[in-house]
Amino acid sequence: MASILSAAQLAAFHADGYVVVRGMFDAEEVDLLRRAMEADPEVSSHLIDRLDSKGAATRIALWNRAGDSVYGMAARCERMVDTMAQLLGGPVYHFQSKLTAKEPFVGGAWEWHQDYGYWYYNGCLFPHLASCQIALDRSGMENGCLEMVRGSHHLGRIDHVPVPGEGQNVADPARMKDILARQELVPCELNPGDAVFFHGNTLHRSAQNRSEHRRWTLICCYNRVDNDTVIRDHDRYYVPLEAVPDSAVKAAGLRFASGDEHFTSRPFVPKVPAAV
Ligand code: SIN
Ligand code: MN
């Protein structure tokens with residue numbers, strides 16, 4: 003097991019629902035990942051605008067399989083896969099990866115949500131899913147870093163309601179008010195190469211980017227193999243994940259997608275009832 007977490011970090015994840023790992027990818031690796039996101043035609047041709055409640059857009063590109071590209075290697079390398087398996091308590095498969103690109107001055111917000119608030123509707127019966135956000139640029143409060151509600155993965159799945167007219171669902175705002183009155187809100191500021199692992203039920207959001215600094219991140223998401231989807235036509239079902247040595251990220255160089263990644267141009271936004 004090549005998990006990169008210390009015993010204290012593992013305990014922090016289980017207590018808080020997230021844990022930050024500094025320097026998970028080194029400067030050379032993060033440079034390759036950033037350049038691949040900027041230059042891979044598969045990524046640029048699948049970029050879509052995801053609007054927030056005020057109409058500002060985060061640009062995202064989504065793919066369902068981890069392939070042989072350099073970013074596929076980042077999703078498949080042992081330090082990632084073994085850490086996810088340790089956090090989720092069993093073998094995992096790749097569920098989704100995405101670029102979330104907030105451009106300077108105009109980048110949109112992500113409203114309060116749990117990832118399992120969406121993935122429940124892919125037919126995952128248990129919330130045995132987690133994500134790892136890797137900073138490609140500096141991600142701070144000034145340009146819309148991720149913010150977590152500490153311990154919120156212990157709340158269970160919360161109802162989500164549609165953001166009117168937009169392509170996001172948001173955790174029930176009335177419920178959020180009570181949660182935020184009791185639970186701590188923690189910004190996850192990251193430097194390039196840092197990563198934050200977070201549980202599928204951890205409440206998170208990020209603000210708009212009003213700064214002059216771009217904020218691009220890569221997010222790799224995993225499901226526990228024994229939590230394979232009961233819905234078979236969402237392209238999120240179990241496909242074996244072949245882990246690679248950590249050295250495979252650099253060895254890939256600037257290798258782009260090969261066509262096996264299952265890029266999609268439609269974000270999965272389940273139709274949920276409006277708040278009562
Ligand atoms: C997400 O929650 O999937 C994206 C959050 C972000 O990029 O700030
Ligand atoms: Mn999310």
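Taking the numbering used here, I'd label the letters of the sequence shown as residues 3 to 278. We treat Cβ as the ideally placed atom computed from N, Cα and C, and that holds for glycine.
Reference residue i, options the options, closest by Cα
i	options	result
Ala-250	Asn-225, Asp-237, Asp-70, Gln-116	Asp-70
Ala-183	Val-172, Arg-152, Asp-196, Asn-229	Arg-152
Leu-35	Ile-221, His-201, Val-163	Ile-221
His-201	Asn-211, Gly-142, Pro-129, Pro-247	Pro-129
Asp-161	Ala-176, Cys-147, Gly-169	Ala-176
Arg-159	Ala-173, Gly-255, Ala-276	Ala-173
Trp-218	Glu-40, Phe-27, Ala-4	Glu-40
Gly-57	Gly-125, Trp-112, Ala-259	Trp-112
Ala-197	Arg-67, Gln-135, Leu-53, Asp-18	Gln-135
Asp-51	Ala-9, Gln-88, Ala-103, Val-21	Ala-103
Glu-31	Pro-194, Ala-59, Gln-185, Met-178	Pro-194
Tyr-118	Ala-277, Val-271, Glu-149	Val-271
Cys-190	Lys-273, Met-143, Tyr-123, Leu-138	Met-143
Gly-109	Met-150, Ala-59, Met-178, Gly-74	Ala-59
Val-45	Asp-54, Asp-237, Arg-24, Val-72	Val-72
Leu-64	Ala-276, Val-274, Thr-266	Thr-266
Gly-255	Met-86, His-264, Gly-74	Gly-74
Pro-275	Asp-33, Leu-148, Tyr-123	Tyr-123
Ile-233	Leu-192, Trp-121, Ala-13, Leu-131	Trp-121
Leu-138	Gln-88, Glu-105, Leu-90	Glu-105
Distance cut-off 8 Å: residue i Cβ against heavy atoms of the ligand MN
i	result
His-155	no
Asp-117	yes
Ser-141	no
Ser-99	no
Ser-260	no
Ser-133	yes
Chain C contact for residue i (CB, 9 Å cutoff)
i	result
Thr-60	Chain labels in this structure do not include chain C; a single protein chain is all it has.
Any non-hydrogen atom of the ligand SIN closer than 8 Å to residue i Cβ
i	result
Ser-267	no
Paired residues, beta bridge with residue i - DSSP
i	result
Pro-164	Asn-171
Gln-135	Val-198, Ile-221
Phe-128	Partner(s): none; Phe-128 has no beta bridge.
Ser-99	Trp-65, Cys-222
Asp-51	Arg-61
Gly-109	Ala-59, Asn-211
Leu-187	Val-151
Lys-104	Arg-217
Val-246	Cys-79
Ser-141	Leu-192
Thr-85	Looking at the DSSP assignment, Thr-85 forms no beta bridge with any residue, so it has no partner.
His-206	His-115, Met-150
Thr-231	Thr-231 pairs with nothing; no bridge assigned.
Tyr-20	Phe-200
*asked:* Any residue with its C-beta under 6 Å from a non-hydrogen atom of the ligand SIN counts. Can you list them all in chain order?
replied: Thr-102, Trp-112, Leu-148, His-206, Ser-208, Thr-219, Ile-221
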